[in-house]
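Colleague: Shown below is the structure under consideration.
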Amino acid sequence: MQQFWAVCLSRFEQELPAQQFHTWIKGLRIDPCADAETESLALVAPNRFVLQWVRERYVSRIEALGLEYFSQPVSVRLSLPQVGSQANDAADAPILVPSSSDAPRVRQTHLRADGEETTRVTPPAIIKPNGDAQSDRNDRNRGRPDERDRSRLNPGFTFDNLVTGRANELARAAAIQVAQNPGMSYNPIFIYGGVGLGKTHMVHALGNEVMRHNPDAVIRYVHADDYYADVVRAYQQKSFDAFKRYYRSLDVLLIDDIQFFNNKTRTQEEFFYAFNALTDGKKQIVITCDTYPKNIQGVEERLTTRFGWGLTVQIEPPELEMRVAILKKKAEMERVKVGDDVAFLVAKNIRSNVRELEGALKKIIAFAHFHTVPITLEVAREALKDLLGAHNRQITLEFIQKTVADYFKIKVSEMYSKKRTRAIARPRQVAMWLAKELTPESYPAIGEAFGGRDHTTVLHACRTIADLRLKDEVLNHDLHVLVQTLRK
57 MQQFWAVCLS
67 RFEQELPAQQ
77 FHTWIKGLRI
87 DPCADAETES
97 LALVAPNRFV
107 LQWVRERYVS
117 RIEALGLEYF
127 SQPVSVRLSL
137 PQVGSQANDA
147 ADAPILVPSS
157 SDAPRVRQTH
167 LRADGEETTR
177 VTPPAIIKPN
187 GDAQSDRNDR
197 NRGRPDERDR
207 SRLNPGFTFD
217 NLVTGRANEL
227 ARAAAIQVAQ
237 NPGMSYNPIF
247 IYGGVGLGKT
257 HMVHALGNEV
267 MRHNPDAVIR
277 YVHADDYYAD
287 VVRAYQQKSF
297 DAFKRYYRSL
307 DVLLIDDIQF
317 FNNKTRTQEE
327 FFYAFNALTD
337 GKKQIVITCD
347 TYPKNIQGVE
357 ERLTTRFGWG
367 LTVQIEPPEL
377 EMRVAILKKK
387 AEMERVKVGD
397 DVAFLVAKNI
407 RSNVRELEGA
417 LKKIIAFAHF
427 HTVPITLEVA
437 REALKDLLGA
447 HNRQITLEFI
457 QKTVADYFKI
467 KVSEMYSKKR
477 TRAIARPRQV
487 AMWLAKELTP
497 ESYPAIGEAF
507 GGRDHTTVLH
517 ACRTIADLRL
527 KDEVLNHDLH
537 VLVQTLRK
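Convert by adding 56 to the 1-based position in the sequence shown; the result is the number in our numbering.
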């Protein structure tokens with residue numbers, strides 16, 4: 057694997073611009089703890105941002121190089137640096153604090169087993185010597201590193217390459233409006249949805265759009281864990297004044313996965329004051345989360361209340377047409393030809409999120425490459441036979457009926473009954489909609505499972521729920537919870 061990785065480095069250096077190679081690839085290292093006999097390539101990324109970028113943009117290329125080098129598929133495993141535990145029941149775990157340089161450094165922090173934030177962090181980190189955003193502006197005027205490196209924005213995430221459909225069109229429209237009028241339209245904008253639905257892409261696109269319109273704007277993308285790490289460092293080094301000046305003087309703060317603030321009291325307190333300072337100064341805050349604000353566990357009410365001050369929008373699982381479009385777009389980016397029949401096969405059977413769609417596509421590409429055959433419907437079925445079988449077994453009509461009945465506190469038998477009272481009819485319609493969204497069953501098959509109803513009844517139910525969810529926030533939230541429950 058060492059020799060193979062050396063070949064990969066050489067090829068990437070030839071294929072990529074120097075800045076991209078040094079920023080994303082050169083810092084990767086072979087995992088010294090990996091089993092030397094395994095057939096997978098275990099790489100360690102310097103921080104979470106690099107790990108995510110490499111996973112989304114370069115893993116497929118490494119896998120293709122593996123096929124060339126070994127003449128058989130090679131899996132790629134990415135991880136962050138790990139350290140051992142201490143004898144006194146406390147663990148030293150790496151906390152990755154973004155640096156302003158092109159090569160982010162690992163920060164090691166001593167974390168107590170009870171999760172307290174009294175930890176040790178080694179310098180330096182994000183905070184500028186001046187401790188405010190003006191130092192960023194001054195640095196740019198002196199010709200220092202590109203502002204995207206400081207903002208930690210991913211230049212590959214834009215609104216142009218974000219596939220849009222009913223699942224994310226409201227979030228996209230709101231994000232564009234915010235990007236064109238930061239601090240004025242909706243503040244904060246709170247974007248929530250399940251894993252792998254494109255929340256991170258959306259916020260990076262928003263930040264990139266702000267930068268396009270106003271290159272002087274000082275923007276900061278930060279994952280919630282990294283914000284926590286900055287709080288820890290400021291606490292240990294007694295540098296809270298610099299920390300506060302920096303975060304409170306940004307023009308745009310993009311904070312990802314806010315749910316990771318759970319039970320971190322000091323972090324929540326600092327963010328509370330930063331939030332107030334930024335909104336008072338008409339500076340934009342963008343937040344992503346995996347759930348609705350009021351449902352975040354372990355976060356103070358004074359924060360969750362503020363999260364709802366502006367606009368809360370949901371990114372939902374993509375509908376069939378959008379999933380097909382996503383697959384076609386990803387195939388185009390991978391420079392491979394995928395027919396509509398193949399895209400439809402994958403999109404019909406994989407409904408949960410974009411990452412699973414991408415994973416299925418990569419598996420098909422690797423399978424076709426290994427067997428030196430074109431990508432056809434038969435090849436796709438063979439490549440995904442285990443995956444498709446697992447997905448089709450995962451959610452059944454009976455499971456949906458029981459889950460919905462339990463959620464709305466009605467009897468399962470009432471799913472099949474002829475009763476039309478609202479308390480029963482609406483859950484029944486919800487269950488039919490979920491059955492169509494989450495299973496490959498046809499309208500007639502679903503109707504048969506719901507007491508022998510006609511397929512037009514199922515079609516009417518699906519259209520009714522699809523229309524109501526755009527108007528009824530409570531129902532939309534119920535659907536979100538049910539979808540997440542069924543997919544667990």
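Just so you know, even glycine gets a beta-carbon here, dropped at the ideal spot from N, CA and C.
Please read these numbers as outputs of a predicted model, since none were measured by experiment.
#1: So the alpha helix (DSSP H) L401 belongs to, where does it begin and stop?
#2: Write down the C-beta distance between T459 and T541 rounded to the nearest angstrom, noting that I regard them as a contact closer than 8 Å.
#3: Go ahead and label E336 buried or exposed: buried means 16 or more other beta carbons lie within 10 angstroms of its beta carbon, across all protein chains shown.
#4: Could you tell me which uninterrupted alpha helix (DSSP H) segments, each at least 4 residues in length, are contained entirely in the segment 464 to 503, listed from first to last along the chain?
#5: Assign S127 to one of two classes, buried (16 or more other C-beta atoms within 10 Å of its C-beta) or exposed (fewer than that).
#6: Tell me which residues share the same chain as V558 and place their Cβ nearer than 8 Å to its Cβ, disregarding the 5 neighbours each side in the sequence.
#7: Would you please state the rounded distance, in angstroms, between the beta carbons of F213 and N264? I believe it to be under 8 Å.
#8: With distances taken from CA atoms, which of L494, A461 and D297 is nearest R484?
#9: What three-state label does DSSP hand V251 in the structure shown?
#10: So the candidates are V308, E112, Y284 and R509; which of them puts its Cα closest to the Cα of M240?
#11: With distances taken Cα to Cα, identify the nearest neighbour of R208 among F246, I247 and T256.
#12: According to DSSP, is I546 part of a helix, a strand, or is it coil?
#13: When the Cα atoms are used, what is the spatial distance from S96 to E119?
#14: Taking H279 as part of the beta strand (DSSP E), name the residues at either end of that continuous run.
#15: Determine the closest residue to R133 out of Y114, Q108, L99 and V530, with distance taken between C-alpha atoms.
#16: Using the Cα positions of M471 and V514, report the straight-line distance between them to the nearest angstrom.
#17: Going by C-alpha to C-alpha distance, which of F331, V369, R478 and G415 sits closest to E225?
#18: From the DSSP secondary-structure annotation, give me the bridge partner or partners of T344.
#19: Among all the DSSP beta bridges, which residues are the ones paired with A98?
#20: For a test of the three-state rule: what should DSSP assign to D195, helix, strand or coil?
#21: Kindly indicate which residue of V266, H511, L218 and A229 has the alpha-carbon position closest to the one of G235.
#22: Starting from Q370, trace the beta strand (DSSP E) both ways and give me its first and last residue.
#23: Taking A416 as the reference, give the member of H427, T428 and K441 with the closest Cα.
#24: In angstroms with no decimal places, state the Cα-to-Cα distance between A149 and I275.
#25: If you reduce the DSSP assignment to three classes, tell me which class D282 lands in.
#26: Could you check whether A403 and C394 sit closer than 7 Å to each other, using their CB atoms as the reference points?
Modeller: Reading off the structure:
#1: D396 to N405 is the extent of the alpha helix (DSSP H) around L401.
#2: T459 to T541, Cβ: 6 Å. Contact.
#3: Just to set this straight, residue 336 is Asp in the shown sequence, not Glu. Classification for D336: exposed.
#4: Taking 4 residues as the shortest admissible run, the segment 464 to 503 contains the following complete alpha helix (DSSP H) segments, listed from N- to C-terminal end: 478 to 494.
#5: S127 should be labelled exposed.
#6: Outside the modelled stretch of the chain, which goes from 57 to 544, sits residue 558, for which no answer is possible.
#7: About 7 Å separates the beta carbon of F213 from that of N264, a gap short enough to meet the 8 Å contact definition.
#8: Considering only alpha carbons, the answer is A461.
#9: Three-state result, V251: coil.
#10: Of V308, E112, Y284 and R509, the residue nearest in Cα terms is V308.
#11: Selected option, being the one with the closest Cα: T256.
#12: With the chain covering only 57 through 544, there is no way to say anything about residue 546.
#13: About 10 Å.
#14: Start and end: I275 to H279.
#15: Among Y114, Q108, L99 and V530, the Cα nearest to that of R133 is on L99.
#16: Taking the straight line from one Cα to the other gives about 12 Å.
#17: Relative to E225, the option among F331, V369, R478 and G415 whose CA is nearest is V369.
#18: According to DSSP, residue pairing for T344 in a beta bridge involves I247.
#19: When DSSP reads this structure, A98 sits in a beta bridge with R133.
#20: Only weak support exists for where D195 lies, its pLDDT of 47 falling under 50; the coordinates are left without a value.
#21: Here residue 235 is Ala; the residue named in the question, Gly, does not match the sequence. It is V266 whose Cα lies nearest to the Cα of A235.
#22: Start and end: L367 to Q370.
#23: Minimum Cα-Cα distance from A416 among the listed residues H427, T428 and K441 corresponds to K441.
#24: Legend: pLDDT at A149 = 31, less than 50; position of this residue unreliable, value from coordinates given subsequently. Rounded to the nearest whole angstrom, the C-alpha separation of A149 and I275 is 28 Å.
#25: DSSP, reduced to helix, strand and coil, places D282 within a helical segment of the structure shown.
#26: Looking at the sequence provided, one finds Val at residue 394 rather than Cys. Not closer than 7 Å, so no.
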